[in-house]
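In terms of this note's numbering, the sequence shown opens at residue 10 and continues consecutively.
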Amino acid sequence: MSHDPLANKQQAWSALFSEPMSELVQRYTASVGFDQRLWRADIEGSLAHAEMLAAQGVIGVADLAEIRRGMATITNEIESGQFQWKLELEDVHLNIEARLTALVGDAGKRLHTGRSRNDQVATDVRLWLRGEIDRIAVLLTAMQRALVELAAKHTETVMPGYTHMQVAQPVSFAHHLLAYVEMFSRDAERLADVRRRTNRLPLGAAALAGTSYPLDRERVAKTLGFDGICQNSLDAVSDRDFALEFSAAASICMVHVSRLAEEIVLWMSQNFGFIDLADRYCTGSSIMPQKRNPDVAELARGKSGRVVGHLMALLTLMKGQPLTYNKDNQEDKEPLFDTVDTLADTLRIMAEMVGGIEVKKDAMERAALKGYATATDLADYLVKKGLPFRSAHEVVAHAVKTAITRGLDLAQLPLAELQQFDARIGDDVFAVLTLRGSMDARQGVGGTAPVQVRAQIERHRARLGA
Ligand code: ARG
10 MSHDPLANKQ
20 QAWSALFSEP
30 MSELVQRYTA
40 SVGFDQRLWR
50 ADIEGSLAHA
60 EMLAAQGVIG
70 VADLAEIRRG
80 MATITNEIES
90 GQFQWKLELE
100 DVHLNIEARL
110 TALVGDAGKR
120 LHTGRSRNDQ
130 VATDVRLWLR
140 GEIDRIAVLL
150 TAMQRALVEL
160 AAKHTETVMP
170 GYTHMQVAQP
180 VSFAHHLLAY
190 VEMFSRDAER
200 LADVRRRTNR
210 LPLGAAALAG
220 TSYPLDRERV
230 AKTLGFDGIC
240 QNSLDAVSDR
250 DFALEFSAAA
260 SICMVHVSRL
270 AEEIVLWMSQ
280 NFGFIDLADR
290 YCTGSSIMPQ
300 KRNPDVAELA
310 RGKSGRVVGH
320 LMALLTLMKG
330 QPLTYNKDNQ
340 EDKEPLFDTV
350 DTLADTLRIM
360 AEMVGGIEVK
370 KDAMERAALK
380 GYATATDLAD
390 YLVKKGLPFR
400 SAHEVVAHAV
410 KTAITRGLDL
420 AQLPLAELQQ
430 FDARIGDDVF
440 AVLTLRGSMD
450 ARQGVGGTAP
460 VQVRAQIERH
470 RARLGA
């Protein structure tokens with residue numbers, strides 16, 4: 010045994026330990042069950058570290074060659090599922106290092122020179138998360154594209170715009186969809202910003218105080234594609250801001266998803282009947298044969314809860330932690346991993362589902378006609394004829410009240426009747442009272458007029474490279 014110091018953890022630490030760890034403590038403290046997911050980042054980080062150690066003359070060139078050879082074997086073993094992960098070796102780092110030493114001997118034992126698992130794990134998580142951020146950025150682009158392309162077909166499709174869930178003013182379905190594009194584009198911006206602060210190298214901080222070996226941290230940063238290095242060793246090993254920030258950005262994004270999902274659920278309900286979803290995104294009921302439920306949208310809405318929950322877990326994990334590394338930090342991984350998985354899967358499935366939305370234009374238009382959605386347009390019409398806005402508001406309130414009593418829309422009231430509310434009303438009023446007239450009138454930047462919305466679609470297409 011003594012020729013293999015990493016045969017078990019106590020031996021990896023020191024001869025100081027005189028009794029073995031209980032099975033419960035082993036299981037309780039081990040992270041290899043979940044952190045093995047970091048293996049690729051761990052090997053990449055180790056190779057960059059070893060290469061720098063060799064360049065600095067801390068280890069020999071022959072050691073570096075052996076480390077590379079061993080890591081290549083380990084990579085193959087893990088990829089092919091043959092690698093034996095051992096709980097008694099606690100985590101991904103010790104598992105890989107122990108295997109390396111078994112494969113290449115002393116060179117493997119030299120790898121950890123000038124390094125600690127504290128700066129190692131911080132580096133691994135950042136490397137891994139950086140890759141995931143890039144993957145999610147692609148999914149966010151796809152999500153936006155799906156919305157933009159659906160919108161492109163519906164710049165003239167009228168639906169009721171709501172405030173307080175009451176019909177407010179007519180908007181195009183395209184305009185409504187583009188509101189979500191704005192949200193997801195901000196999410197993409199936020200992620201890019203998180204990436205900048207994630208992409209800094211902790212390695213070289215060692216356990217907490219730095220190291221006496223002549224490390225070239227800039228070189229390691231460059232090899233690993235980091236934009237810079239963490240400037241304080243204590244902060245380097247204890248900082249998990251990048252995880253918190255990512256988790257916050259993911260939560261905001263999932264909140265956006267949940268709003269879209271909620272609207273999809275509403276729109277598909279019989280009471281709205283605005284859209285239909287492809288069967289493959291719905292499920293039936295075991296008791297009610299007529300049911301087609303929008304399960305995917307409901308789950309996406311529900312899964313926002315767990316992502317927000319993970320943010321709370323991570324914030325609570327870091328709150329009050331004294332400097333520097335504490336084992337608490339091992340608890341950062343599962344919430345972070347699940348956040349990445351949930352967000353990525355949700356974006357992928359929502360983008361697909363949005364692409365297949367079938368729009369029922371007639372139902373949308375009927376709904377828009379129901380709620381006196383052009384009342385504001387009548388007020389604006391009177392303002393243009395010289396009435397102060399507050400007075401116009403009052404006049405229209407009376408008109409709407411009458412229309413409600415008569416069970417008619419504003420545009421269905423005869424001209425003579427409309428003129429009783431204000432003599433300034435002429436027969437040019439009917440163009441204003443149509444849904445289309447109302448939309449067309451809102452041509453300013455950000456408005457719902459088809460000409461404006463088409464310009465927005467082109468802006469998004471150019472931005473998204475579509
Ligand atoms: N498994 C540990 C983690 O995930 C690695 C770092 C452990 N360092 C230590 N000194 N115990 O945080």
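Positions of the beta carbon are idealized from the N, C-alpha and C atoms, including for glycine.
**Prompt:** What residues in its chain sit with their C-beta under 7 Å from that of G380, if we drop five residues either side in the sequence?
**Reply:** P169, Q175 and V176
**Prompt:** Would you say the beta carbon of V8 comes nearer than 6 Å to a heavy atom of ligand 1?
**Reply:** Missing from the structure shown is residue 8; the chain here goes from 10 to 475 and no further.
**Message:** When you measure from the CB of S55 to every non-hydrogen atom of ligand 1, does any distance come out below 6 Å?
**Reply:** no
**Prompt:** Between which two residues does the alpha helix (DSSP H) carrying Q452 extend?
**Reply:** It is not in any alpha helix (DSSP H) - Q452 carries neither H nor E in the DSSP assignment.
**Item:** Beta-carbon separation (whole angstroms), L148 vs F255, contact threshold 8 Å
**Value:** Incorrect: roughly 14 Å between the Cβ atoms, too far for contact.
**Message:** Among I366, L103 and V462, whose alpha-carbon lies nearest the alpha-carbon of A287?
**Reply:** I366
**Item:** Ordered list of beta strand (DSSP E) runs contained in the region 244 to 280, each at least 3 residues
**Value:** none
**Asked** If we count the other Cβ atoms within 10 Å of its Cβ and call it buried at 16 or more, is S23 buried or exposed?
**Response** It is exposed - the Cβ of S23 has fewer than 16 other Cβ atoms within 10 Å.
**Item:** Beta-bridge partners of N208, as assigned by DSSP
**Value:** None; N208 has no bridge partner.
**Message:** Can you tell me whether S40 sits near ligand 1, meaning its C-beta is under 6 Å from at least one heavy atom of the ligand?
**Reply:** yes
**Asked** So, helix, strand or coil for T164, using DSSP?
**Response** coil
**Message:** At a threshold of 6 Å, does D115 count as lining ligand 1 (C-beta to nearest heavy atom)?
**Reply:** no
**Message:** Excluding the 5 residues flanking C291 on each side, which residues of the same chain have their C-beta closer than 7 Å to its C-beta?
**Reply:** R301, N302, P303 and D304
**Request:** Run the CB neighbour count on K328, radius 10 Å, all protein chains shown included, and call it buried at 16 or more, exposed below.
**Result:** exposed
**Prompt:** Looking at C-alpha atoms only, which residue of L378, M263 and Q240 is the closest neighbour of M152?
**Reply:** Checking every option, the nearest Cα to that of M152 belongs to M263.
**Item:** Bridge-paired residues (DSSP) for I171
**Value:** The question names Ile, but residue 171 in the sequence shown is Tyr. According to DSSP, Y171 bridges with V176.
**Asked** Would you say N104 touches ligand 1, meaning its beta carbon is less than 6 Å from a heavy atom?
**Response** no
**Request:** Measure the C-alpha to C-alpha separation of L324 and E271 and round it to an integer number of angstroms.
**Result:** 27 Å
**Prompt:** So, is N241 buried or exposed, given that buried needs 16 or more other C-beta atoms within 10 angstroms?
**Reply:** exposed
**Prompt:** Taking the alpha-carbon positions, what's the M277 to T132 distance?
**Reply:** 46 Å
**Asked** Any idea what DSSP makes of D285, helix, strand or coil?
**Response** strand
**When A259, D418 and V274 are compared against L1, the one with the closest alpha-carbon** = An answer regarding residue 1 cannot be provided, because it is not within the stretch 10 to 475 covered by the chain.
**Item:** Cβ-heavy atom distance, Q339 to ligand 2, below 6 Å
**Value:** Here the bound small molecules are ligand 1; ligand 2 is not part of this structure.
**Asked** In chain order, what residues of the same chain have a beta carbon less than 7 Å from the beta carbon of D128, not counting five sequence neighbours either side?
**Response** P211, L212, G213, A214, A215, A245 and V246
**Item:** Any non-hydrogen atom of ligand 1 within 6 Å of N127 CB
**Value:** Yes, Cβ of N127 sits closer than 6 Å to a heavy atom of ligand 1.
**the region 31 to 43 contacting the region 328 to 343, beta-carbon criterion three pairs below 8 Å** = yes
**Prompt:** Do you know whose CA, among P459, A420, V462 and E426, lies nearest A440's CA?
**Reply:** Out of P459, A420, V462 and E426, A420 has the C-alpha closest to the C-alpha of A440.
**Asked** Closer than 6 Å: is that where the CB of D100 sits relative to any heavy atom of ligand 1?
**Response** yes
**Prompt:** In terms of residue numbering, what span does the alpha helix (DSSP H) encompassing N104 cover?
**Reply:** In the DSSP assignment, N104 falls within the unbroken alpha helix (DSSP H) covering V101 to V113.
**Request:** Spatial neighbours of V363 within its chain, please: CB distance less than 7 Å, with the 5 preceding and 5 following residues excluded, ordered by chain position.
**Result:** A155, L156 and L159
**Same chain, Cβ closer than 8 Å to P397, neighbours up to 5 away in sequence not counted** = none
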